Amino acid sequence: MAKNKTDTFWREYLRREIEDIKSPSLYRACAAEFIGVFMLAFYGVGCNMLSGDYKPVSSVHVALETGFYIAVAVTVFSNVSGGHVNPSISMGFFVTGQISAVRFVLYVICQTLGAVAGAGIIYAITDEHIRGGFGVILPNPHVSDGQAFVCEMIITFMMLFGTFAMIDEGRDDVHGFAPLMIGLLVSINVLCGWNISGGCMNPARNLGPAIMIGKLDKMWLYWIGDLVGATAGALLYDRIFSTKVCLGWLSEGCYSKRADGKKIQSDVADRMSVIDAATGGCNEKVKDVVTNHASNIDELACDDYQVTKL
1 MAKNKTDTFW REYLRREIED IKSPSLYRAC AAEFIGVFML AFYGVGCNML
51 SGDYKPVSSV HVALETGFYI AVAVTVFSNV SGGHVNPSIS MGFFVTGQIS
101 AVRFVLYVIC QTLGAVAGAG IIYAITDEHI RGGFGVILPN PHVSDGQAFV
151 CEMIITFMML FGTFAMIDEG RDDVHGFAPL MIGLLVSINV LCGWNISGGC
201 MNPARNLGPA IMIGKLDKMW LYWIGDLVGA TAGALLYDRI FSTKVCLGWL
251 SEGCYSKRAD GKKIQSDVAD RMSVIDAATG GCNEKVKDVV TNHASNIDEL
301 ACDDYQVTKL
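Numbering (UniProt numbering), first residue to last: 1 to 310.
Written out as structure tokens, the structure is:
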């Protein structure tokens, strides 16, 4: 029996993967992810160019630019690819079963290629005197690799947790504001991690400029740390805090109360002979309350949970 269930699972899994490969929408989505991260790398590296007096830009400058771009990108590309523009976001959607393995792999490839292309273009049109660190995100020299890893893991965890909260279809209080809220979340994460890990959260965007100037030795921190944090944040929200789970728990409580109500009705019915003896047969009022108003009892049982329609 267990073997049959396993075989059925894998057959269904492969069927979904093959259907996704055959879908034209997959390749439009991949193109959107390429363009989205191409522009992210272009803007992200561009805003890190040295100013006329060769002073580096501030953390606020970078945080605002990054957050605003993410808000725009989510709005522009959400109807095509979901507007991930980040392997960490794609990882979150993959581990929660919202995109296929094929789509996840192709997204990450296209995101990485887009970052390399975007960084390559801005490298070609700028002079070496203003490139500075070329927008490559690296840990603070006074921070160990382990400390930077933990920082990246935490801020990426929060990015995914917050993103999934903003796009939760069961919520009706964030419609239209999700892209802006996600952008703000990215900005505060950049500000938080700026002097520790650099506040990356997006390993593809960082890899593009790193390839251009040959600074690849710390990239593992951002790929592993960000993807681990993304996985944890997405799964925690999806499995415990999402509205579908919370309403499911409330619904179970509601049905439990209904079951208690049915038990009361059953107990009263079993004891009607006793009631008859005690009331001299004048028990019509009891029957009316217990039998004819059962639906009202069920309604009241669920009032506290506000899920009477489930």
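We treat Cβ as the ideally placed atom computed from N, Cα and C, and that holds for glycine. Every value quoted in this text rests on a predicted model; they were computed, and no experiment measured them.
Report the rounded CA-to-CA distance for residue i versus residue j, giving the unit in angstroms.
i, j, result
"Leu-64", "Ile-109", "27 Å"
"Leu-106", "Cys-30", "7 Å"
"Gly-92", "His-129", "39 Å"
"Arg-15", "Pro-24", "16 Å"
"Val-45", "Phe-77", "21 Å"
"Lys-218", "Gln-98", "30 Å"
"Asp-238", "Ile-125", "43 Å"
"Gly-133", "Phe-241", "40 Å"
"Leu-185", "Asn-4", "45 Å"
"Gly-36", "Ala-204", "12 Å"
"Ala-234", "Ile-89", "9 Å"
"Met-166", "Leu-227", "20 Å"
"Phe-157", "His-175", "23 Å"
"Pro-141", "Phe-94", "34 Å"
"Arg-131", "Ser-59", "17 Å"
"Ile-122", "Val-116", "10 Å"
"Leu-50", "Asp-173", "41 Å"
"Asp-168", "Thr-75", "16 Å"
"Cys-200", "Ala-32", "21 Å"
"Asp-127", "Gly-170", "50 Å"
"Arg-11", "Met-159", "34 Å"
"Val-57", "Trp-223", "25 Å"
"Gly-146", "Lys-22", "42 Å"
Under the rule that 16 or more other beta-carbon atoms within 10 Å means buried, what is residue i, buried or exposed?
i, result
"Thr-243", "exposed"
"Leu-207", "buried"
"Pro-139", "buried"
"Phe-34", "buried"
"Arg-112", "The amino acid occupying residue 112 in the given sequence is Thr; Arg does not appear at that position. By the 10 Å Cβ count, Thr-112 comes out buried."
"Phe-9", "exposed"
"Cys-246", "exposed"
"Asp-7", "exposed"
"Thr-308", "Residue placement at Thr-308 cannot be trusted, given a pLDDT of 37 that sits under 50; what the coordinates show is reported in the next sentence. Exposed: under 16 other Cβ atoms inside 10 Å."
CB residue i to CB residue j, shorter than 8 Å?
i, j, result
"Gly-114", "Phe-38", "yes"
"Ala-232", "Gly-118", "no"
"Ile-155", "Asn-202", "no"
"Met-153", "Gly-82", "no"
"residue 311", "Ser-144", "No answer is possible for residue 311: the residues shown for the chain start at 1 and end at 310."
Looking only at its own chain, which residues have a Cβ that is under 8 Å from the Cβ of residue i, when we skip the five neighbours before and after it?
i, result
"Leu-26", "Asp-20, Val-102, Arg-103 and Leu-106"
"Val-136", "Asn-206, Pro-209, Ala-210, Ile-213 and Lys-215"
"Gly-248", "none"
"Gly-120", "Gly-208 and Met-212"
Between residue i and the rest of its own chain, which residues show a CB-CB distance below 7 Å, the 5 nearest in sequence each way excluded?
i, result
"Gly-183", "Gly-67, Phe-68, Ile-70 and Ala-71"
"Cys-151", "Gly-193, Ile-196 and Ser-197"
"Arg-28", "Val-80"
"Val-62", "Cys-47, Asn-48 and Val-190"
"Ser-187", "Ala-63, Leu-64, Thr-66 and Gly-67"
"Leu-236", "Phe-161"
Starting from the C-beta of residue i, find all residues in its chain whose C-beta is less than 6 Å away, skip the five residues before and the five after it, and write them out in chain order.
i, result
"Tyr-13", "none"
"Phe-149", "Leu-221 and Gly-225"
"Thr-163", "Ile-182"
"Tyr-43", "Tyr-69"
"residue 311", "Beyond the ends of the chain as shown, which are 1 and 310, falls residue 311; an answer cannot be given."
"Asn-86", "Asn-202"
Would you say residue i lies against chain D (beta-carbon separation less than 8 Å)?
i, result
"Gln-111", "No chain D appears in the structure shown, which is made up of a single protein chain."
**Report entry** Segment contact, 8 Å Cβ cut-off, at least three pairs: the stretch 163-182 with the stretch 71-81
**Finding:** yes
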